[in-house]
Structures are given as structure tokens and as C-alpha cells.
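To keep things clear, I will list the structure first and then write my remarks on it.
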Amino acid sequence: DTGVSQDPRHKITKRGQNVTFRCDPISEHNRLYWYRQTLGQGPEFLTYFQNEAQLEKSRLLSDRFSAERPKGSFSTLEIQRTEQGDSAMYLCASSLDKAFFGQGTRLTVV
Amino acid sequence: DAKTTQPNSMESNEEEPVHLPCNHSTISGTDYIHWYRQLPSQGPEYVIHGLTSNVNNRMASLAIAEDRKSSTLILHRATLRDAAVYYCILNQRGSSNTGKLIFGQGTTLQVKP
Numbered sequence: 004d005t006g007v008s009q010d011p012r013h014k015i016t017k018r019g020q021n022v023t024f025r026c027d028p029i030s031e032h033n034r035l036y037w038y039r040q041t042l043g044q045g046p047e048f049l050t051y052f053q054n055e056a057q058l059e060k061s062r063l064l065s066d067r068f069s070a071e072r073p074k075g076s077f078s079t080l081e082i083q084r085t086e087q088g089d090s091a092m093y094l095c096a097s098s099l100d101k102a103f104f105g106q107g108t109r110l111t112v113v
Numbered sequence: 354d355a356k357t358t359q360p361n362s363m364e365s366n367e368e369e370p371v372h373l374p375c376n377h378s379t380i381s382g383t384d385y386i387h388w389y390r391q392l393p394s395q396g397p398e399y400v401i402h403g404l405t406s407n408v409n410n411r412m413a414s415l416a417i418a419e420d421r422k423s424s425t426l427i428l429h430r431a432t433l434r435d436a437a438v439y440y441c442i443l444n445q446r447g448s449s450n451t452g453k454l455i456f457g458q459g460t461t462l463q464v465k466p
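Chain order of the listed sequences is A and B.
Per our numbering, the first sequence runs over residues 4 to 113.
Per our numbering, the second sequence runs over residues 354 to 466.
See below:
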């Protein structure tokens, strides 16, 4: 499968814990995006990388969130001190001319 | 960003055509019209996009009004697997940021057997 891959698919964590998600984009895509989606809503843009450079961050990306793409290939999204409001689906996408999405990581904070 | 307006939900019968409308009255001359769909428990999936002319691909057709203030996604024969949320999104022409998409709430399509 050469699509966008996300790991894990599901994560349950206790409030206050840190979590990290991984995204492996389509190999020739230099642009990578993170989105968050809550129930019944469309995905919301969080941040964007071109190669290893993080070029844009949404106001939704609070100080507790950090994303990296160290070698311009895979990316990680870390949430520190998780809160119940962080419960959502976190989607990764990569693109050349159109975006391809992964299946997402569903986070539940209890 | 220019906004789009879609009906919240639509129903269709299996094997019948479906026309999903989208209004984008504030579209600018540099905006492409993109359609994505999201099946249950999946990430969004690209369907089709266009600028001015109608477009066809293996998944669907896109009909764009002459004034570009509205468009219609056409599924020629709906199947049960087409049940999904369909998003109409405007994306700037020539932008290097082609994956930064502003999603609305989309249209939830139900397909009845």
C-alpha cells in the first residue's frame, strides 16, 4: 500500500498524559498536513510542512501541540498534557497537486 | 477564504444518478472547485476538481455554472458504497499549498437499496 499511513489508528489516554502520533506520507510528496476532526464536523487544518520546514500553523494549534518532520519524510504530532477537549480524529495528508489523506488516529482522552 | 454552501443531507436510491449542489457565490477567478468525500471511519478522499469547464473522471462528473457561482457533483449511478459526506471546497489556483483545505460541514449522502 503506497497511500498515507498513520499510526496508531486508535489511542486512549488519561488526561494529563502526553501522546505522539506518526504519519508516513506518500513517498514523493513534499507537502504534509495535519488536521483535526471532531464528531459531526469537517476536518480543521492544524499545520503544514514543505519538506522539513513547518510553514504554517493554525491558531487551533495550542502550545501543547508540536509537530515535526525531521528529515522531510515522516512526521510526528505530539500533544502534551492532554485534555478531554483534545479527543478527536487526527488526520494527516500529503500532496503534490491534490491531497491524499490517511485513515487518521482517533484519540480518546479519559 | 471564499465560502461554500451545501445542503446538510440528501438521499438517493441505489443505481440512480445523484446531483450534489454547491453554492460559492464569492468565488474568485483564481479559485479551483474541489470535491472530496469521506466514508465512515475513513479519511477524506479526493473526488474531482475543476476551474471553469465541466470535468469527468472515473468517479464522478463536475458541472460548473457559467458564472462559476455554483457547481454540481454528479454521481451517475449511486451505489451503497457512495454513502459518505461530500465536501465542496475552493482552493486557490497556482497555490503551492494545495493540501490546505477549508472544509465546511458537507452533504451527508444516504443511498437506499
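Ideal placement from N, C-alpha and C gives every residue a C-beta, glycine not left out.
If you're wondering where the values come from, they're calculated on a predicted model, not measured in any experiment.
Check whether residue i and residue j have beta carbons under 8 angstroms apart
i, j, result
"A:SER69", "A:GLU81", "yes"
"B:ASN376", "B:THR405", "no"
"B:THR432", "B:VAL464", "yes"
"A:THR111", "A:ILE29", "no"
"A:LEU63", "A:GLU47", "yes"
"A:SER78", "A:ARG84", "no"
"B:ILE442", "B:LEU415", "no"
"A:THR50", "A:GLN57", "yes"
"B:LEU428", "B:TRP388", "no"
"A:ASP66", "B:THR451", "no"
"B:PRO374", "B:PRO360", "yes"
"A:PHE103", "A:GLY6", "yes"
Cβ neighbours of residue i in the same chain (closer than 6 angstroms, five flanking residues each side left out)
i, result
"A:ARG34", "GLN53 and SER98"
"B:VAL438", "GLN391, GLY459 and THR461"
"B:TYR440", "TYR389, PHE456 and GLY459"
"A:PHE24", "LEU80, TYR93 and THR108"
"A:ASN21", "GLN83"
"A:SER61", "PHE48 and LEU49"
Cutoff 8 angstroms: residue i Cβ touching any chain B Cβ
i, result
"A:SER97", "yes"
"A:ALA56", "no"
"A:ARG34", "yes"
"A:TYR93", "no"
"A:GLY75", "no"
"A:PHE48", "yes"
"A:PHE68", "no"
"A:LYS14", "no"
"A:ASP100", "yes"
"A:GLY105", "yes"
"A:GLY45", "yes"
Spatial neighbours of residue i in its chain, beta-carbon cut-off 7 angstroms, leaving aside the 5 residues before and after
i, result
"B:ALA418", "SER424"
"A:HIS32", "SER97, SER98 and LEU99"
Short CB-CB distance (under 8 angstroms) between residue i and chain A
i, result
"B:GLU369", "no"
"B:LEU454", "yes"
"B:ASP360", "Looking at the sequence itself, residue 360 of chain B is Pro, so the reference to Asp does not match. Answer no: the Cβ-Cβ gap between B:PRO360 and chain A never drops below 8 angstroms."
"B:HIS429", "no"
"B:THR383", "no"
"B:HIS372", "no"
"B:TYR440", "yes"
"B:GLN463", "no"
"B:GLN445", "no"
"B:HIS377", "no"
Beta-carbon separation (whole angstroms), residue i vs residue j, contact threshold 8 angstroms
i, j, result
"B:ARG430", "B:GLU368", "5 angstroms"
"A:ARG18", "A:THR108", "At roughly 18 angstroms, the Cβ-Cβ gap does not stay under 8 angstroms, so A:ARG18 and A:THR108 are not in contact."
"A:TYR36", "A:ALA91", "Rounded, the Cβ-Cβ distance is 15 angstroms, inconsistent with contact."
Cβ neighbour criterion (16 or more within 10 Å) applied to residue i
i, result
"B:PRO397", "buried"
"B:HIS372", "exposed"
"A:ASP10", "exposed"
"B:LYS422", "exposed"
"A:ASP89", "buried"
"B:ASP420", "exposed"
"B:ASN407", "exposed"
Cβ shell of residue i (< 8 angstroms), same chain only, five flanking positions each side left out
i, result
"A:SER8", "CYS26, ASP27 and GLY105"
"A:GLU55", "ARG72, PRO73, LYS74 and GLY75"
Residue-chain proximity (residue i, chain C), Cβ-Cβ < 8 angstroms
i, result
"B:GLY459", "Protein chains A and B are contained in the structure displayed, whereas chain C is not."
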